[in-house]
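For the record, in the sequence shown the residue sitting at position 256 is 256 according to this note's numbering, with numbers rising by one throughout.
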Amino acid sequence: EAGIDEMGVFKEFLEETIKQVFDPSLSLFKTNNDGCLYPSPLSMVHDNHVSLLEFTGKMLGKAVYEGIVVDVPFAIFFLRHLIKQPHNLLYSSLDELYSMDPELSKSLHFIKHYEGDFDDLCLTFSFEEEFLGKHVTHELIPGGSVVPVTSDNSISYVHHVAHYKMATQLKVQISAFLKGFHSIINPQWMAIFNPEEFQRVISGDDSDLDVDNLRKHTQYFGGFHDKHAVIIWLWDVIKKDFSPSEKAAFLKFVTSCSRPPLLGFSQLDPPFSIRRVDTSDEEESISITRSVRSFFHIKSSHTDRLPTSSTCFNLLKLPDYSSKKILREKLLFSISANAGFELS
């Protein structure tokens with residue numbers, strides 16, 4: 001549809017832009033084994049990576065500020081940075097390393113409890129890794145590459161490695177992102193959240209679409225009502241025929257967001273609405289053609305008409321289809337077409 005920005009165009013733009021910028025292939029972020037995101041140490045492949053991460057932080061902050069949910073799962077340790085959750089006196093980076101690198105966390109716990117001869121491990125106070133195709137050694141303490149790890153200092157070594165991975169290595173990237181994010185979102189506003197709760201603020205409810213809750217808070221126009229045959233077909237198709245991914249696609253099609261509001265559809269503003277479209281041309285409702293059809297009692301054909309939406313108003317424009325089968329086919333085609341706005 002033509003893009004008239006009453007927040008729908010902006011919501012779709014923001015959601016799609018965030019989806020692209022958090023793609024690990026861009027090297028600004030990377031994922032752990034669970035697919036959760038955190039800033040990538042490889043971000044420096046971009047000359048302006050600090051500016052890019054700061055801008056990305058602003059985009060996420062804008063989404064949170066506007067109540068626009070985006071499907072961006074973050075690692076627990078990074079969520080703690082976002083909400084500036086203070087650590088207790090007994091905190092160690094090793095406690096949360098699993099949320100970044102489970103394999104490294106497992107290895108360090110092995111070293112921590114190792115009872116054999118440390119000479120067999122051949123470890124020093126340094127950390128070696130492949131970086132952009134090169135073998136790089138990082139000293140964990142001054143002169144660490146020549147300081148052997150022994151049973152007396154192994155605990156110190158373990159904590160130094162975890163601190164390097166969780167803090168030192170990502171210091172620039174995390175600081176840049178937080179600078180952008182906190183320029184929009186005051187850290188004091190987030191003091192009431194724990195990491196899991198704030199993830200839900202960012203990404204909404206990760207459960208399947210509650211069709212009954214959506215139906216309960218739906219408004220109807222143009223002759224439709226909750227007991228209309230087409231409306232009964234619609235809810236039946238969405239609830240019983242659609243897979244979870246198709247339900248998410250439907251929600252994105254009508255609201256521009258693939259996840260439901262955090263507190264349910266009673267909080268959706270404006271409320272989800274369905275308007276009956278009874279011509280093959282949307283503009284025909286104000287045309288001479290409609291008057292002629294009405295005078296001669298000629299019904300227009302709806303077979304070729306596809307459902308459309310105005311995400312600015314959370315509005316589904318649904319033709320008065322003659323069968324449930326046609327409705328299902330047309331609706332699936334529309335939500336799968338990935339058609340957006342015509343921007344000018």
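Just so it is clear, CB atoms sit at the ideal spot from N, CA and C, and this is done for glycine as well.
According to DSSP, simplified to helix, strand and coil, what is I298? At I298 the pLDDT is 49, less than 50, meaning the model places this residue with poor confidence and gives no usable figure here.
Please report the residue range of the alpha helix (DSSP H) in which T137 lies. First-last for T137: K134 to E139, but that is the beta strand (DSSP E), not the alpha helix (DSSP H).
Under the rule that 16 or more other beta-carbon atoms within 10 Å means buried, what is C122, buried or exposed? exposed
State the Cα-Cα distance for the pair K347 and V161, rounded to the nearest angstrom. No answer is possible for residue 347: the residues shown for the chain start at 1 and end at 344.
What does a CB cutoff of less than 6 Å around H49 pick up in its chain, not counting 5 residues either side in sequence? S43
Exposed or buried, which one is G180 when buried takes at least 16 other CB atoms within 10 Å? buried
Straight-line Cα distance separating D208 from G264: 12 Å
Which runs of the beta strand (DSSP E) at least 3 residues long sit entirely within the region 80-150? Give them in chain order. 126-131 and 134-139
For F110, the nearest candidate out of K216, V158, V69 and L89 (CA to CA): V158
Separation of L53 from D47, as counted between CA atoms: 12 Å
Please report the straight-line C-alpha distance between D241 and T308, rounded to a whole angstrom. 20 Å
For Y91, count neighbouring Cβ atoms within 10 angstroms of its own Cβ and tell me buried if that reaches 16, exposed if not. exposed
For the pair the region 112-119 and the region 70-83, tell me if three or more CB-CB distances fall below 8 Å. no
I68 and C312: beta carbons closer than 8 Å? no
Nearest-angstrom Cβ-Cβ length linking V21 and L28, presumed shorter than 8 Å: 6 Å
In the DSSP assignment, the alpha helix (DSSP H) including L52 goes from what residue to what residue? H49 to E66
Backbone CA spacing between L234 and G35 [nearest angstrom]: 34 Å
Should D23 and R259 be called a contact, given that it needs their Cβ atoms to be closer than 8 Å? no
Under three-state DSSP, which class holds E1? Its pLDDT being 46, under 50, E1 is placed unreliably in this model, and the coordinates cannot settle the point.
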